[in-house]
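K.L.:
I'd like to ask some things about the structure below.
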Ligand SMILES: [Zn+2]
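In the working numbering, the protein residues as written are 1 to 164.
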């Protein structure tokens with residue numbers, strides 16, 4: 001579950017994120033092996049219901065930022081000020097914001113209703129497709145379930161991992 005407090009981030013998209021307006025996002029998420037390993041390690045060590053953002057250069061998701069110390073008892077509450085600053089920093093360094101990632105407890109790989117609503121709002125603000133992956137941890141195994149929000153639709157996405 002995700003609490004809807006990312007209003008500040010929406011403004012940030014408008015200011016910084018839309019420079020690369022054409023959608024670089026395909027119908028399947030391509031993620032670098034290195035970044036996937038980073039994500040796995042981070043979520044393995046983070047409390048459940050943590051979150052962060054992912055970024056891409058070109059077509060590949062190759063950047064990840066954990067929104068540390070910002071989990072809650074039963075939901076992830078993004079630190080909008082911190083994430084906005086990070087997105088601005090990424091944009092200045094040629095990295096596009098690609099989506100929001102957060103973890104769920106009890107192996108739940110489905111989006112909650114709040115998640116869906118939130119994903120649509122991010123899509124509306126970003127005016128382009130964004131990823132919304134869910135992370136679950138089960139017996140020290142980290143599973144990524146990818147969702148893509150495109151044209152107001154949520155698509156369960158295939159994940160392709162690059163070699164490095
Ligand atoms: Zn959720």
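C-beta atoms are modelled at their ideal positions from N, C-alpha and C, and glycine is treated no differently. Computed from a predicted model, the values in this text were never measured in an experiment.
(1) Grab the span of the beta strand (DSSP E) containing residue 158 for me, first residue to last.
(2) Taking the CB atoms as reference points, tell me whether residue 95 and residue 59 lie closer together than 9 Å.
(3) Label residue 45 either buried or exposed according to how many other C-beta atoms from any shown protein chain fall within 10 Å of its C-beta, with 16 as the threshold for buried.
(4) Under a three-way DSSP split, which group does residue 150 fall into?
(5) Cα-Cα, which of 79, 85, 98, 48 is closest to residue 61?
(6) Does residue 158 pass the burial test, meaning 16 or more other C-beta atoms within 10 Å, or should it be called exposed?
(7) What's the C-alpha gap between residue 104 and residue 50?
(8) So is residue 139 buried or exposed if we call it buried at 16+ other beta carbons inside 10 Å?
(9) Measure how close the beta-carbons of residue 147 and residue 125 come, nearest whole angstrom, since I'm counting them as under 8 Å.
(10) Using DSSP's beta-bridge definition, name the partner residues of residue 64.
(11) Give the range of the beta strand (DSSP E) segment to which residue 30 is assigned.
(12) Can you find a heavy atom of ligand 1 that lies under 8 Å from the Cβ of residue 146?
(13) Mapping the DSSP letters down to three states, classify residue 143 as helix, strand or coil.
P.N.:
Here's the rundown:
(1) Here the question's residue 158 lines up with position 158 in the chain shown. From DSSP, the beta strand (DSSP E) with residue 158 extends over 153-161.
(2) Taking the first residue of the chain shown as position 1, residue 95 is located at position 95. Taking the first residue of the chain shown as position 1, residue 59 is located at position 59. No.
(3) Here residue 45 refers to the residue found at position 45 when the chain shown is read from its first residue. Counting Cβ neighbours within 10 Å, residue 45 comes out exposed, since fewer than 16 surround it.
(4) As a working mapping, residue 150 is identified with position 150 in the chain shown. Reduced to three states, the DSSP call for residue 150 is strand.
(5) Taking the first residue of the chain shown as 1, we reach residue 61 at position 61. Cα-wise, what sits closest to residue 61 is 98.
(6) In the chain shown, counting from the first residue as 1, residue 158 sits at position 158. Exposed.
(7) Counting from 1 along the chain shown, the entry for residue 104 is found at position 104. Counting from 1 along the chain shown, the entry for residue 50 is found at position 50. Taking the straight line from one Cα to the other gives about 8 Å.
(8) To locate residue 139, count along the chain shown from 1; it is residue 139. That one is exposed.
(9) Residue mapping note: residue 147 aligns to position 147 of the chain shown, counting from 1. Residue mapping note: residue 125 aligns to position 125 of the chain shown, counting from 1. Wrong, their Cβ atoms sit about 17 Å apart, outside the cutoff.
(10) On the chain shown, position 64 is the one that residue 64 refers to. Residue 64 pairs with 54.
(11) Within the chain shown, the letter at position 30 stands for residue 30. Taken as a continuous stretch (DSSP letters only), the beta strand (DSSP E) holding residue 30 covers 28-31.
(12) Residue 146 sits at position 146 when you count from the first residue of the chain shown. Residue 146 Cβ: outside cutoff for every heavy atom of ligand 1.
(13) Translated into positions along the chain shown, residue 143 becomes position 143. If DSSP states are grouped into helix, strand and coil, residue 143 belongs with the strands.
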